[in-house]
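Worksheet for the structure shown next.
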Amino acid sequence: MKKKFEKKELINKSKDLSDWYTDVILKAELADYAPIRGCMVFRPYGFAIWENMQRILDSMIKEMGVSNAYFPLLIPYSLLKKEKEHIKGFSPELAVVTHGGGKKISEPLVIRPTSETIIYAMYSKWIKSFRDLPLRINQWCNIVRWEKRCYLFLRTMEFLWQEGHTCHRTHREAKEEVERVMRMYEDFYKDFLAIPGFLGRKSVSEKFAGACDTSAYEILTPNGKVLQACSAHDLGQNFSKPFKISFQDRDGKTKYVWQTCWGLSTRSIGGLIMVHGDDQGLVLPPKIAPVQVIIIPIFGKGKDFNQKILSFSNQIKKEIEKKGVRVKFDGRTQYSPGWKFNEWEIKGVPLRIEIGKDEISGKFLTLVRRDILNERLKIKNEKLKVKVQELLDKIQDNLYKKAKKFLREHTHEVSNYQKFKKIMRQTKGFISAFWCEDPKCEAKIKEETKATIRCLPKKAIEEKGKCLYCLKRANRKWIFAQAY
Ligand SMILES: [Zn+2]
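In this note's numbering, the protein residues as written are 801 to 1284.
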């Protein structure tokens, strides 16, 4: 029996990021492997993180004036085929239903790998006039893309996301929508997930299947490789033409709409875990943490004494709760305080309050921040309510600053290809360099260094330079990195 209560040992993050990553997800009980190849189960603690992200992002989406709706999971194969680039991009990863009700069905149905086609079939029905524009809808749903490997959160056959799909009267309006959405995503990443990154436009070879243009937010993981955190696409009229989404404009002429689509998935939880976690486990930004404060009683001998601790802890819990803080009291008696400290550290709870002999008799409480574990703070009882919120804000801020510092230290300006190769072999990270915009150079660089073009930063300016690879004239510096 005793073995069960031994504290959980974690793999060292700096030693092996990938092993640590899986280990911390399993031990913090965020997710588990499903008995289906490529699939994972969101356990309650992991799902609670997604629920928090959903709640925040959903309100940001609605604030932009976009409404939620829901479209079917199954898409007729013929619909998916309508846009050539789109079907080409997705066909290797499609899951297709061929039988229903015990019989072979006349037309195969695809389990959505994304919902452009089913949504646009409806849009063509709903849009008739310029008065019906803009049409802006978002859906929260699951997605299936055939994938045999399972890398928890980051690469799974089924994942969850939101996908926004909008139609506009002019191309300019569609482009403005992409910009607005990317600003929203950037704010969400910075303000809530405390993750800085690069926002910009993708190169032609890296854009979404069927889009004119793709914008993305790229974030840095601790081993110097990067993740695409979310993206938004300017679809131009690539879908509105085959799907016949047209409208009668003010001038009486029939025109095709201009479209955008954009999404953020549960993959973002993978980024969150990697960016902030440490050797002790997860470190969750307070704004996203399912539990922001954990109260751990240090029970002693004697029923009366323990009763005092219990009622004092409950009183503290109520006080903090009143402030709208998500707080939990771990009163389990079968585990020691040390075991619980370890457990909640692995789970990344931002703030811990310890309540023992000194705390119930004195006027001070003992608090420990998850981001600075070796510091024990003594807080006056009457100042607790204010202090807790203050500390949560400080933790949120500190996590962002730390991540920003790491990003800065791992972003280099490089003009020499030898130096570029050396960085990509060693510390990696983001490299800003001139590129002539010829896909051949892009492909060569990828082949020789594994680095791909991540984006042309939003803030990039026109300047004169030489392509990193072919030394021909280049006008802008692009961001390169190895994909995780
Ligand atoms: Zn070149």
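Virtual Cβ for every residue (Gly too), placed ideally from N, Cα, C. Small disclaimer: the values here were computed from a predicted structure and weren't measured.
Is it buried or exposed, residue i, if we count other Cβ atoms within 10 angstroms and call 16 or more buried?
i: Ala1233; result: buried
i: Asp832; result: exposed
i: Glu1018; result: buried
i: Thr1066; result: buried
i: Arg1050; result: exposed
i: Thr956; result: buried
i: Arg949; result: exposed
i: Ala1274; result: buried
i: Asn812; result: exposed
i: Leu1084; result: buried
Distance check for residue j and residue i, CA to CA, integer angstroms please.
i: Tyr877; j: Ala1089; result: 41 Å
i: Ala921; j: Thr1060; result: 15 Å
i: Glu1006; j: Asn1114; result: 54 Å
i: Ser891; j: Lys975; result: 28 Å
i: Cys1255; j: Ala1029; result: 12 Å
i: Lys925; j: Thr917; result: 13 Å
i: Arg1176; j: Leu960; result: 39 Å
i: Asn1198; j: Ile919; result: 42 Å
i: Ile927; j: Asn942; result: 26 Å
i: Gly1063; j: Gln939; result: 10 Å
i: Ile1109; j: Phe1129; result: 12 Å
i: Lys1178; j: Pro1150; result: 16 Å
i: Ile905; j: Leu999; result: 44 Å
i: Leu1082; j: Glu958; result: 24 Å
i: Gly865; j: Arg936; result: 8 Å
i: Phe847; j: Leu830; result: 7 Å
i: Leu810; j: Val1075; result: 17 Å
i: Ile1195; j: Asp1171; result: 7 Å
i: Ile825; j: Phe871; result: 31 Å
i: Pro934; j: Gly1052; result: 17 Å
i: Tyr1269; j: Lys1244; result: 8 Å
i: Arg1152; j: Ile836; result: 37 Å
i: His968; j: Trp1058; result: 5 Å
i: Ala1297; j: Lys884; result: Residue 1297 lies beyond the range of the chain shown here (801 to 1284); nothing can be said about it.
Please state whether DSSP places residue i in a helix, a strand or coil.
i: Tyr1217; result: helix
i: Lys803; result: Low confidence applies here, because Lys803 scores a pLDDT of 48, under 50, leaving its location unreliable; read the following figure in that light. DSSP places Lys803 in helix when its eight states are reduced to three.
i: Gly1131; result: coil
i: Ile1088; result: coil
i: Asn1023; result: coil
i: Met982; result: helix
i: Glu829; result: coil
i: Asn1238; result: The sequence shown places Asp at residue 1238, rather than the Asn named in the question. Three-state result, Asp1238: coil.
i: Ser748; result: Any property of residue 748 remains undetermined from this structure, which presents the chain solely from 801 to 1284.
i: Pro1097; result: strand
i: Tyr877; result: helix
i: Thr1054; result: strand
i: Phe871; result: coil
i: Glu1154; result: strand
i: Ala1032; result: strand
i: Lys928; result: coil
i: Leu1110; result: helix
i: Gln1226; result: coil
i: Gln939; result: strand
i: Glu1180; result: Glu is not the amino acid found at residue 1180; the sequence shown has Lys there. DSSP places Lys1180 in strand when its eight states are reduced to three.
i: Glu958; result: strand
i: Glu1175; result: strand
i: Tyr1284; result: coil
i: Ala1203; result: helix
i: Ile1279; result: strand
i: Gln1048; result: strand
i: Leu1271; result: coil
i: His1210; result: coil
i: Phe1285; result: Since the displayed the chain opens at 801 and closes at 1284, residue 1285 lies outside it and no answer follows.
Do the CB positions of residue i and residue j come within less than 7 Å of each other?
i: Lys1202; j: Ala828; result: no
i: Glu963; j: Ser929; result: no
i: Pro913; j: Thr898; result: no
i: Gly1024; j: Lys1221; result: no
i: Pro1022; j: Leu1207; result: no
i: Phe1112; j: Asn1106; result: no
i: Gly1071; j: Leu1035; result: no
i: Ala1016; j: His886; result: no
i: Leu1192; j: Gln1092; result: yes
i: Ala869; j: Val944; result: no
i: Ser788; j: Tyr1056; result: There is simply no residue 788 to check, as the chain begins at 801 and stops at 1284 in what is shown.
i: Ala1251; j: Phe1280; result: yes
i: Val1127; j: Lys1117; result: yes
i: Val1168; j: Ile1120; result: no
i: Lys1123; j: Lys1163; result: no
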